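Following: one structure in structure tokens, then a few remarks.
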Amino acid sequence: MSALVVTDLHAGYGDARVLHGVSLSVGEGEVCAILGPNGAGKTTLLRALSGMVRTRGTVRLGDADLAGRSPDTIARQGVAHVPEGRGTFMPLTVEENLRLGAYVRPASRRARAEVDADLERIHGYFPVLKTRLRQAAGSLSGGEQQMLAIGRALMLRPRLLLLDEPSLGLAPLVTRELFRIVRTINEQERTTVVVVEQNAHLALGIAQQAHVLETGRIVLSGTAEQIRADEQVAQSYLGYRV
Ligand SMILES: Nc1ncnc2c1ncn2[C@@H]1O[C@H](COP(=O)(O)OP(=O)(O)OP(=O)(O)O)[C@@H](O)[C@H]1O
Ligand SMILES: [Mg+2]
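Each residue of the sequence shown is one higher than the last, beginning at 1 in the UniProt record's numbering.
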């Protein structure tokens with residue numbers, strides 16, 4: 001069963017058209033990787049899914065049609081977007097950032113006990129955050145900030161988690177750890193994940209399906225194994241080895 005069904009999605013900025021009719025679907029609880037060269041429109045695709053750019057086309061999440069809705073409405077439907085550059089509030093503490101993530105939940109689910117329980121759950125995934133709760137987010141390492149950004153997104157209890165280049169600027173060891181945690185979250189919470197990633201090898205390691213985006217169009221789709229095996233094709237589209 002598909003959790004997310006995107007049909008003929010167009011998006012852009014002002015007169016600049018970036019996405020030219022993207023269609024894809026992601027199964028419930030699956031991880032979908034979006035690969036492609038710089039400027040292909042990967043970030044714009046995630047922004048279109050979370051309502052941050054004007055779109056044409058349809059975006060269905062379960063029974064809800066999200067196309068054209070506001071970011072706030074889309075977040076309340078359970079879509080959590082961890083943007084490129086992480087989007088944490090630097091002067092706020094780790095705990096304040098995490099609690100902010102619960103803000104868009106329906107009021108009934110914002111009860112303090114529920115939020116406290118979710119904080120504990122997130123500390124389970126990211127034990128390092130628990131030791132940094134009173135520290136300003138801006139003073140965290142890059143890897144810790146990415147963990148905080150994902151932790152904050154989880155406070156929404158998302159049905160769909162959008163991750164934009166989680167490995168950006170991180171050392172290989174930290175990146176591998178981060179992807180291991182994303183896989184654990186996906187397995188334990190059955191959260192559907194769309195991950196945009198330059199490191200195709202890592203992304204394909206946790207994804208079931210993958211799509212290669214080039215100048216705003218999907219030029220290659222398949223299972224992670226198919227994309228990985230199709231090295232020649234992937235290389236010519238991606239410009240680097242998988
Ligand atoms: N705010 C904006 N205003 C106008 N054009 C933009 C804006 N953001 C992105 N673009 C343009 O949209 C196109 C796609 O950009 P996008 O950021 O979606 O690509 P990307 O695949 O995420 O690239 P990267 O791998 O470098 O992150 C680019 O040509 C870019 O210049
Ligand atoms: Mg990008």
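All residues carry an ideal CB built from backbone N, CA and C; glycine is no exception.
Note that the structure is a prediction, hence the values are computed from the model and not measured.
| message | Going by the DSSP bridge assignment, what does residue 161 pair with across the sheet? | response | 80 and 193
| message | Pull the bridge partners of residue 55 from the DSSP assignment, please. | response | 11
| request: Give a yes or no on whether the C-beta atoms belonging to residue 173 and residue 35 are separated by under 9 Å. | output: no
| said: Is it buried or exposed, residue 242, if we count other Cβ atoms within 10 angstroms and call 16 or more buried? | reply: Since pLDDT at residue 242 reaches only 48, below the 50 mark, its modelled position is unreliable, and no value is offered.
| Is any heavy atom in ligand 2 found nearer than 8 Å to the beta carbon of residue 43? | yes
| query | Hey, how far is the Cα of residue 195 from the Cα of residue 163? | reply | 5 Å
| Sorry if obvious, but does the Cβ on residue 202 come closer than 8 Å to a heavy atom of ligand 1? | no
| said: With distance defined between alpha-carbon atoms, name the residue in 70, 33 and 58 nearest to residue 50. | reply: 70
| Sequence-distant residues of the same chain with beta carbon closer than 7 Å to residue 149, five excluded per side | 82, 86, 87 and 88
| Using the beta-carbon count (16 or more within 10 Å), is residue 184 buried or exposed? | exposed
| request: Please indicate yes or no: does the CB of residue 196 lie closer than 8 Å to some heavy atom of ligand 2? | output: yes
| query | Should residue 91 be labelled buried (16 or more other beta-carbon atoms within 10 Å of its own) or exposed? | reply | exposed
| request: Work out the CA separation of residue 65 and residue 216 for me, nearest whole Å. | output: 22 Å
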